[in-house]
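Here is the structure we will look at.
Residue numbers (this note's numbering): 2 to 292.
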């Protein structure tokens, strides 16, 4: 096991983690399930981001790239955790990948639907180490109420946005996030969550991301933004359109998944087909009784 993997597999080891470096590498990272199956509107968005930032290297990763990168860089222990995430939950696999990718390389990670309105060279500072922002909850805001999960009640402003990550390589925030995600995968209980969305945001997504960072927030260098728009980032290129959720129709929506987020060992793995069948029968019976 390499030294980086050893740190990441144990949250307790963060006390010995090297301090964060300063400066954001000039690399943009984006990912999607396949290179050939990406909708044209998203392909054009990627091209526009790269064209706006010619002084940044642009790197695109598909699902196969995830596996090769994690295996070659972090070894079989962490790759095994990634592969335990059911493929139906592509968003959760992308969560763990982005944390590992930014921890190793640093740079700018952007979800595939993110809009960029300003070149990064105009908004990033030489001494930046990690950028953080939260949702705009002002009256009339399009995203009012977003990121206010009950598990974040003690955090003013709610969740830290992780649809983008801008970080120096080896930042302790990401080490903490990865260690907690690994722990969540190892301890995953499929009966804890009421739905697929809840399982993802708490196990790999913005809830664990926020909790992990907030716990050590003041210990490491970072810059808090008034909003993502301060550096020219827009949550979605569809945000200002008639349907801000249009992106959900462009790729598989994990929220409809009927299997646990984390692959279950035998014999629990046999339980879910039976539970799903029972749910379908129950829904059918309720429908018949309403007639």
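Glycine is no exception: its CB is placed at the ideal position from the N, C-alpha and C atoms.
Cβ shell of residue i (< 6 Å), same chain only, five flanking positions each side left out
i           : result
residue 232 : 124
residue 178 : 100, 210 and 213
residue 67  : 98
residue 206 : 96
residue 225 : 133
residue 194 : 200
residue 59  : 29 and 51
Cβ neighbours of residue i in the same chain (closer than 7 Å, five flanking residues each side left out)
i           : result
residue 175 : 100, 103, 104 and 168
residue 95  : 32
residue 227 : none
Sequence-distant residues of the same chain with beta carbon closer than 8 Å to residue i, five excluded per side
i           : result
residue 113 : 31, 32, 33, 39, 43, 46 and 47
residue 257 : 197
residue 63  : 32, 33, 34, 35 and 36
residue 221 : 20, 21, 130, 131, 172, 173 and 174
residue 208 : 150, 152, 153, 160 and 202
Limits of the unbroken alpha helix (DSSP H) element including residue i
i           : result
residue 65  : 64-75
residue 44  : 41-53
residue 123 : 121-124
Per-residue burial, residue i [other beta carbons within 10 Å of its own, 16 or more giving buried]
i           : result
residue 23  : exposed
residue 290 : exposed
residue 189 : buried
residue 192 : exposed
residue 237 : buried
residue 54  : buried
residue 143 : exposed
residue 140 : exposed
residue 69  : exposed
residue 266 : exposed
Limits of the unbroken beta strand (DSSP E) element including residue i
i         : result
residue 1 : Nothing can be reported for residue 1, as the shown portion of the chain is limited to 2 through 292.
- Query: Curious, which full-length beta strand (DSSP E) runs of at least 3 residues does the stretch 78-114 contain?
  - Reply: You should have 108-111.
- Item | Entirely enclosed alpha helix (DSSP H) segments - the stretch 166-229, minimum 4 residues | 173-187, 197-204 and 207-216, all fully within the stretch 166-229.
- Query: Counting Cβ pairs closer than 8 Å, one from the stretch 211-221 and one from the stretch 141-159, do we hit at least three?
  - Reply: Judged by Cβ distances under 8 Å, the stretch 211-221 makes contact with the stretch 141-159, as three or more pairs qualify.
- Message: Suppose only complete runs of 4+ residues qualify. What are the alpha helix (DSSP H) ranges in the stretch 126-159, listed by chain order?
- Response: Taking only runs of at least 4 residues, no alpha helix (DSSP H) segment lies wholly in the stretch 126-159.
- Are at least three pairs of beta-carbons, each pair with one atom in the stretch 219-234 and one in the stretch 123-142, less than 8 Å apart? As far as the Cβ criterion goes, the stretch 219-234 touches the stretch 123-142, which means the pair count is three or higher.
- Query: Below 8 Å, can you find three or more Cβ-Cβ pairs linking the stretch 155-165 to the stretch 131-146?
  - Reply: Judged by Cβ distances under 8 Å, the stretch 155-165 makes contact with the stretch 131-146, as three or more pairs qualify.
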